[in-house]
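Residue numbers (this note's numbering), protein chains in the order written: chain A, 4 to 116; chain B, 93 to 205.
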């Protein structure tokens, strides 16, 4: 069975500061990992994905994430945030079936001017 | 532009009434999904369909029904048997590979009083 844990429900940061949103997963099989972003009253958009290969994955809007197999983590980072990054961020893990994409509970990122 | 259209964006119903949420996609995706989103709980899978005329229950299917008569359409009916129907409902689709990311609609917010 797979599971995803997002350790922080809310992360407040100042504009132009760096941010890290934490995600840990558990799985008995090889996994594919995703980060999605949700702006208020909208659906989710894919930020980035890790399928295989390089453990550092770059996504849209300046975000990146690093797959760490030994620590079963896939933390999302951005070196300098902008007000427009205010949103909720979801980590997700997929295994052997598209129907079994598991989402974390989300982290709400709030940016202070 | 290709995408997923959910309608209506807001829906209000009285308790005891069935209500159907629409989801249409023009991405030519085989797989379609319905998720329910509640604050602090991430996304929970209600139903999914990997091919026309076939669908499977997700983790919280009780009180819901779906149909998949056309590849482009995957409507969700929230029945009166659903004990707590007020929520944000998201429809998604994906390609045939099990590591394909999900594409989401903008959601329908259902309020039942």
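Think of the CB as a built atom: it goes at the ideal place given N, C-alpha and C, for glycine as much as any other residue.
One Cα belongs to residue 124 of chain B, the other to residue 62 of chain A, and the distance between them is close to 24 Å. For the segment 101–122 of chain B, residues whose beta-carbon sits nearer than 9 Å to a beta-carbon of chain A comprise 101.
Of the residues assessed, residue 135 of chain B falls on the buried side of the cut-off, its CB having 16 or more other CB atoms within 10 angstroms. Contact of residue 147 of chain B with chain A is not assigned, every C-beta pair being separated by 8 Å or more.
The C-alpha of residue 110 of chain B lies about 12 Å from the C-alpha of residue 103 of chain B. Here residue 157 of chain B has 169 as same chain residues with Cβ atoms under 6 Å from its own Cβ, once five neighbours each way along the sequence are excluded. Of all residues in the segment 174–201 of chain B, those with a C-beta nearer than 9 Å to a C-beta of chain A are 180, 182, 183, 184, 186, 187, 188, 189, 190, 191, 192, 193, 194, 195, 196, 197, 198, 199, 201, reading in chain order. Distance from the Cα of residue 11 of chain A is smallest, within the candidate group A:104, A:105, A:94, for A:94.
Think of a sphere of 7 Å around the beta carbon of residue 134 of chain B: the chain A residues whose beta carbon falls inside it are 93, 106, 107, 108, 109, in chain order. In terms of Cα proximity to residue 113 of chain B, the closest of B:192, B:185, B:159 is B:159. Secondary structure of residue 146 of chain B (DSSP, three-state): strand. The closest CA to that of residue 89 of chain A, considering only A:28, A:4, A:18, is found on A:18. The beta carbon of residue 100 of chain B sits closer than 7 Å to those of 200, all from its chain and outside the five residues before and after it, given in chain order. Rounded to whole angstroms, the separation of the alpha carbons of residue 155 of chain B and residue 175 of chain B is 7 Å. For residue 30 of chain A, there are no C-beta contacts with chain B under 8 Å, since the nearest C-beta of that chain is about 13 Å from it. The beta carbon of residue 79 of chain A sits no closer than 8 Å to any beta carbon of chain B. Put simply, the backbone Cα of residue 141 of chain B is about 15 Å away from that of residue 192 of chain B. For residue 59 of chain A, the closest Cβ of chain B is not nearer than 8 Å.
Per DSSP, the unbroken beta strand (DSSP E) holding residue 50 of chain A starts and ends at 47–53. With contact defined as three or more Cβ pairs closer than 8 Å, the segment 73–92 of chain A and the segment 28–46 of chain A are in contact.
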